[in-house]
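When we follow full-length UniProt numbering, the leftmost residue of the sequence shown carries the number 1, and every step to the right adds one.
We treat Cβ as the ideally placed atom computed from N, Cα and C, and that holds for glycine.
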Amino acid sequence: MIGGMKVAWWRKGIFAGLLLSLLLLPLPIWAQDPVHESGEDPRPSSRSISKVHSREAPRVLHEEMSQEDIAQGVIMKKFDRFDSRGWKEGVTLTVNLTESTVKTNLLTAGKVARSEKLSGQMKRAGAIAGVNGDFFDIGNTQAALGVEVEEGQVRKSGGNRLTASVTRDRLGQVGQLLLEGKVSTSKGMHPLHAINAHNLEKDELGLYTTDWGEASRSHLAGNTRGYTEVILKDNTVVEIRKGSVYDGGLKPGESILSGKGGASAFLRHLKRGDRVRVEYGTRPDAKNLLWAVGGGDMLVKDGKVVNQDDGPVHPRTAVGFSRDGKKMILAAVDGRSPASRGMTLWELAEWMKEQGAWTALNLDGGGSTTLVAREKGREGLKVVNTPSDGDERPVPNGIGIWNHAKTGKLKGFHLETSSSRVFMGLTRRFHSYPYDTAFAPISMEPNHIQWKAKPSALGKFKGSLFQGKHPGKGKVSAHAQGVKSQSDIHVLGRPVSLSIEPRLIGLEKGKTARFWVTGRDAEGYQTYVEPQDVHFEVDESLIGLTANKDGSVTVTPKQEKGSAVLKATVGRLTAQAGVTVGTEEKRVEDFEEEQAPWTFSKVPAEVTGSLAYVDVPERGGKALQLDYDFTTSTVTRAVYAQPPDGLLDLPGDVKKIGVHVQGDGGNGHWLRTRIKDAAGVFHTLDLARNVDWSGWKYVEAEVPAGVQYPIQLNQIYLVEPDGNKQDKGSILMDDVTIQVTESLNLPRVKPRKHPMVLQNQKISASSWKYAVLNDLHLVNSNQTGKNVNHLKQTLRELSQEDLDFVIFNGDLVDTDTKENYRFVKETIEDNLKIPYYVTPGNHETYGTGNLDNFAETFGQESLYHTFDHKGVRFILLNTSLGGLRESDPLQWSQIKRLLGKTRKDKDVKKVILLGHHPLRDPLPAKASQFSDGKEAQLLERWLTRFREESGKPVAVISAHAHVNHWDQLDGVPYAVIGPVGKQVYGAQDEGGFYSYAVFGVGQSGKGKQKWLSAEVRPILQDIRLKKKVYRVGKRAKVHLTGVQTEDWTFPLDYPATVSYNGSKGLLISEKEPHKRNRPVIAHLDPVTGTISFNQPGTVELTVKSGGMEKRFMLKGK
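Next comes the structure, spelled out in structure tokens:
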């Protein structure tokens, strides 16, 4: 061995001047490599050593981290960071390279040109942790693009791509590992450019060894004649191929020389039987390395971020080393999901520096990003991150970590449970995984482990099964051999409601699904119920149920088609879910019948377009052409195709609606459809977020669970909310189809009545009051329509009572124009003589895409506002773009500061937050809520923690969903107030009516939930009574109907506040009258809304709701 050169059979001699000649040769560059799936150009570029410049990092809004030692010298840290750009979550491994029990090495799929899941590579090699490695020739040879060195042996070269490696001295480094080699024959010498490379450039000479594998190299020859291969056996030519490749497997002692251009000409001088000498090495010497793996761009160099690429966001993998090279940092960042968006290369570089990397290299990302590890106390391997493809992608190599040190001395237990919450009277299963002082798993009999709860009043254990006895928080612990480990426990109250999630379970042949049985206690705290605490009733001939360790239940179909109702019982509570197996496809419209044509409409008026039936030979008939011109306006524009008579019947229980669409090549508009269910509720569904294709494509939308069948299709439309997108074009549509399951007779579940919503009561005289209005949707061009009339009627009603102020909670205007803002401001101030506040909704941005006009009209402070009033801190939020972060990320730091300040402020007793978007949409489509569900859950957790730690009540009031809905979640009430204008989205009997709300704030705060009460007031035109004559001695429902503009009717009942007054002889009370109470002709229970006549006679009933009061004469006979 000389200078790191590897010599074949001819090791006795070295040509003079070899090293000098190789140093003068140009380095190979993979000029034809495509942009990789991860979004990075895999070719080496100047970005790897780009000039460092300052840049403001995203503002961190919230962060959660946990870490554990999974072996001596190996620490795994899981992170979940929420910053001003969104969510980022993932895993890092910090490895002490100098720890004697730690070993690191290259992971491989066995051959260079082969890929395998990372977990498979690790199992074969016995590694306990690892990440994926280099970019690779995905979809072709599967070979990595860069260097592979294993135990000092070069498996493949990588041109001038950067490489991460660890030396035999256990020091990590990032740099280049350059191939230096030549091929000599009796006729001359030629430089060797590559070993087991996935591609060769012009004039390059490559060597392929048995490490390559069986993958075809036919792409190397291409269509050119300037390609030659020489097959060697024990360094003797046994075959020469001109213009073609040898795709047979290589046996020991065999190798292939492949050449293009000048290298091909060099090889063509050879003949069978010629001896060939191949010499190669690397600079620096690979023999001094334990392993090396290729990568992409340099991220961090000499402690400074050197990658400024702040463009594409993807899942990422990276490797880095500390300044002294003694620590290795491996990172896997998830992406392409709501839970984690991923990182740009610049963000990844900043992250690696933050984790302590002095130098760092980007590895293959995208769907390749995978981190697999043995968790503390656990045998076997687990994919710890969340690969964006939904499963591990096969990759060619990775970086592995080994540590099999064991001491056998117990150090602790890794405790796990699917939820730290458990209902009083029910159970929760805990699992313990013992580990030794080297953090290796220990085998221990379960009966040798003792479980306890502290305080003991919380409940008791039977083995590892805990049963809750009394509500409260505490710790559970596992004990053995004088060692104890703890975990949190929270015993909730007894459940008062039960549900199965999801409520509709659709199964396909051969597929399974999972569900949970969940409950809530009286304060709204929720968790799942262990399957062993549930009694299930189901058609066992149709489906089978299997309980899972995480508390879920797996449903397996036993037949190809059918439906059944699944019933779950816990104590006296029951819940039901529908299960369907199999679907049937039906075509409901083929656009062949022009006698009853579909019709065209558009918004706003400036938009132009048309609808036409056109012949499309490739579809075998006609199709519907929808033309549009979106260049005439900057507000949200849409063109609609509507079926004859406005509604197309969709028979059966429809689960999916689809249509074949020919796109217009990339304009990227939003394709949606709207359906109407049996309750009269409209639901808007997404067919395609971006019509960005040419040619025909089938798109479909799922019908949301909870719709009332039968349903009808109301429209298919193309919409563009972005004012900057100015274009015109057309799409074709053909064959509207539906996927139908067998019908289910699943009873509807009405929401529990919230105690804050007053029934047959007024707000206490000791409370001060304010009102909340939202979703006005005023436009200057229609000053006499429904929206304006509703607003004026409401303001007149409010002007007659003692209110401290009014809050307009978003969507005051329908489109963002100065004329609309002037009109709504004048209308409010002409009809309201008390202070008012405003928050922005999404429609306040519909036009300009910003809130400039809103701020100019109502003041800059209206974008985010907080004020204190009589001991209550009001926080008015900006959710105009669908959430807090998207609208203004600084709100998070302001909320955090305010809640922290309020904890200690003795003058502030309560907190109320108002924002336009609900955190959770109460409607089935889930289209009217925070666009980031994870952000919504974070705010919910913050508010619950604030309430628990401060003892001060907090409430959230929202709008946007155009329905009235009240809920209690983890001790916090959440109210959604119905609209003043535009249209109602919810079912009439589930809060779907035009309304506003008046809130009363109690001064003392004493009494359950009485710190805040509300009157939900419908905007009524009339009140109707279905029945006025009742049979004596029989209790019957008093069916009241609220009548609103455009004859919209709804049951006048909860959540609307309704008050009753009766004439003499009519007792209005929750309690039954005493039998001796002869003067009582009839008794009306205001809670159930039922009446019972004790004797024949006539009584007068006065009903008041909102600003309407009406009298009815009721007769008993």
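Could you tell me the distance, in whole angstroms, from the CA atom of residue i to the CA atom of residue j?
i, j, result
"residue 757", "residue 354", "50 Å"
"residue 509", "residue 655", "16 Å"
"residue 870", "residue 889", "29 Å"
"residue 761", "residue 778", "32 Å"
"residue 792", "residue 775", "14 Å"
"residue 1107", "residue 759", "15 Å"
"residue 494", "residue 311", "51 Å"
"residue 1103", "residue 1109", "6 Å"
"residue 598", "residue 608", "17 Å"
"residue 711", "residue 673", "13 Å"
"residue 1116", "residue 990", "30 Å"
"residue 855", "residue 863", "7 Å"
"residue 295", "residue 332", "14 Å"
"residue 252", "residue 379", "37 Å"
"residue 191", "residue 241", "20 Å"
"residue 305", "residue 321", "14 Å"
"residue 952", "residue 60", "27 Å"
"residue 689", "residue 909", "45 Å"
"residue 1049", "residue 391", "50 Å"
"residue 886", "residue 86", "8 Å"
"residue 866", "residue 713", "44 Å"
"residue 1030", "residue 1036", "7 Å"
Rounded to whole angstroms, how far is the Cβ of residue i from the Cβ of residue j, which I believe are closer than 8 Å?
i, j, result
"residue 1003", "residue 633", "Wrong, their Cβ atoms sit about 51 Å apart, outside the cutoff."
"residue 258", "residue 208", "6 Å"
"residue 293", "residue 399", "6 Å"
"residue 381", "residue 694", "Contact doesn't hold; Cβ gap of about 44 Å is too wide."
"residue 63", "residue 81", "5 Å"
"residue 342", "residue 323", "In fact, because the Cβ distance is near 28 Å, the residues do not count as touching under 8 Å."
Any C-beta of chain D sitting closer than 7 Å to the C-beta of residue i?
i, result
"residue 645", "Absent here is chain D; the protein component of the structure consists of one chain."
Residue j and residue i - do their beta-carbons sit closer together than 7 Å?
i, j, result
"residue 816", "residue 845", "yes"
"residue 1028", "residue 1114", "yes"
"residue 641", "residue 611", "yes"
"residue 542", "residue 559", "yes"
"residue 156", "residue 196", "yes"
"residue 851", "residue 875", "no"
"residue 731", "residue 626", "yes"
"residue 255", "residue 220", "no"
"residue 415", "residue 487", "yes"
"residue 396", "residue 84", "no"
"residue 1099", "residue 1066", "yes"
"residue 403", "residue 128", "yes"
"residue 1057", "residue 1016", "yes"
"residue 738", "residue 581", "no"
"residue 660", "residue 734", "yes"
Mark residue i as exposed unless 16 or more other C-beta atoms lie within 10 angstroms of its C-beta, in which case mark it buried.
i, result
"residue 467", "buried"
"residue 1079", "exposed"
"residue 1094", "buried"
"residue 548", "exposed"
"residue 376", "buried"
"residue 65", "exposed"
"residue 462", "exposed"
"residue 282", "buried"
"residue 978", "buried"
Ordered list of beta strand (DSSP E) runs contained in the segment 1003-1069, each at least 3 residues: Listed in chain order, the beta strand (DSSP E) elements of length 3 or more contained wholly in the segment 1003-1069 are 1012-1018, 1022-1025, 1040-1044, 1048-1051, 1059-1062, 1066-1068.
Segments assigned beta strand (DSSP E), at least 3 residues, entirely inside the segment 760-830: As for any beta strand (DSSP E) of minimum length 3 sitting wholly inside the segment 760-830, the runs are 768-773, 805-809, ordered along the chain.
Unbroken stretches of the beta strand (DSSP E), 3 residues or longer, contained in the segment 933-965: DSSP runs (the beta strand (DSSP E)) wholly in the segment 933-965: 954-958.
In chain order, each beta strand (DSSP E) run of at least 3 residues that lies wholly inside the segment 326-391: Those beta strand (DSSP E) runs which fall completely within the segment 326-391 and span 3+ residues are 327-333, 359-363, 371-373.
Those runs of the beta strand (DSSP E) which lie wholly inside the segment 658-696 and span at least 3 residues: Entirely contained in the segment 658-696, the beta strand (DSSP E) runs reaching 3 residues are, in chain order, 669-676, 682-691.
Length at least 3, wholly inside the segment 238-281: the beta strand (DSSP E) runs in chain order: The segment 238-281 contains these whole beta strand (DSSP E) runs: 254-260.
Contained beta strand (DSSP E) runs [length at least 3] in the segment 441-467, N- to C-terminal order: Complete beta strand (DSSP E) runs here, min 3: 450-454, 459-462.
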